[in-house]
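So the structure is just underneath, and the comments pick up after that.
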């Protein structure tokens with residue numbers, strides 16, 4: 007048995023205080039770890055170093071490493087209580103929880119999608135799941151004022167990220183979004199090539215994104231754009247064809 011009531015760690019990533027007990031059975035069965043830690047003043051992009059990556063699915067660690075960039079890790083805590091062999095505790099044989107409060111993080115959540123920037127958010131790992139709750143940030147030039155991403159099972163085949171969000175800003179951003187996102191551009195790129203819009207709008211978005219390639223699963227996208235006092239322009243001879251436009255676009 008290895009135990010300690012107080013281990014203080016300070017490195018380039020964060021300051022941490024840890025209490026732990028580790029039992030390693032002499033019969034070769036799975037070790038049992040009871041750990042509680044708190045941390046502060048860290049780098050948000052290095053959060054994967056402090057999750058149990060050796061017993062987490064590689065796809066989950068790769069997504070965290072690829073998706074979370076920069077930012078500040080203000081504070082957080084983690085608990086691990088159970089046998090390594092039982093992780094991620096799908097049957098509640100133990101508990102793994104990690105909470106982190108971060109600021110100014112960039113999230114590249116899916117290839118070729120516009121990044122979320124300057125995100126102020128909380129991350130919470132609970133057993134096999136991950137929830138990210140964002141309160142403010144930027145996408146293109148628009149303001150994000152509510153976003154939540156949930157991965158119900160990081161060990162899923164594939165793991166699927168469900169993301170809902172509200173974005174407010176220039177309507178032209180929304181058109182650019184429809185033309186940039188691979189799963190949407192095939193439907194909108196040709197019809198929107200010559201179209202531009204002036205005015206402000208609210209985008210409500212609901213995404214389901216597989217984190218690894220699987221022919222049985224595709225990215226699913228739905229949402230709507232609420233327009234307030236917008237104008238529509240067609241490049242070329244037509245020019246402005248509609249002004250003072252209010253309404254809602256569904257996709």
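In my numbering, the protein residues as written are 7 to 257. Glycine is no exception: its CB is placed at the ideal position from the N, C-alpha and C atoms. If you're wondering where the values come from, they're calculated on a predicted model, not measured in any experiment.
Q. In its own chain, which residues sit with a C-beta less than 8 angstroms from the C-beta of residue 237, not counting the 5 before and 5 after it?
A. 203, 204, 205, 246, 248, 249, 250 and 251
Q: Determine, using beta carbons only, whether residue 208 and residue 158 come nearer to each other than 9 angstroms.
A: no
Q) CA-CA distance, residue 182 and residue 88? A) 48 angstroms
(Q) If you measure between the beta carbons of residue 129 and residue 108, is that distance less than 9 angstroms? (A) yes
**Q.** Nearest to residue 150 (by Cα), restricted to the options 192, 132, 123 and 165
**A.** 123
Q) Name the DSSP bridge partner or partners of residue 87? A) 40 and 101
Q) Hey, how far is the Cα of residue 28 from the Cα of residue 71? A) 27 angstroms
**Q.** Residue(s) in a DSSP beta bridge with residue 31
**A.** Residue 31 pairs with nothing; no bridge assigned.
Q: Note the first and the last residue of the continuous alpha helix (DSSP H) segment covering residue 184.
A: 177 to 186
Q) Relative to the alpha-carbon of residue 131, which residue among 84, 92 and 119 has its alpha-carbon at the smallest distance? A) 84
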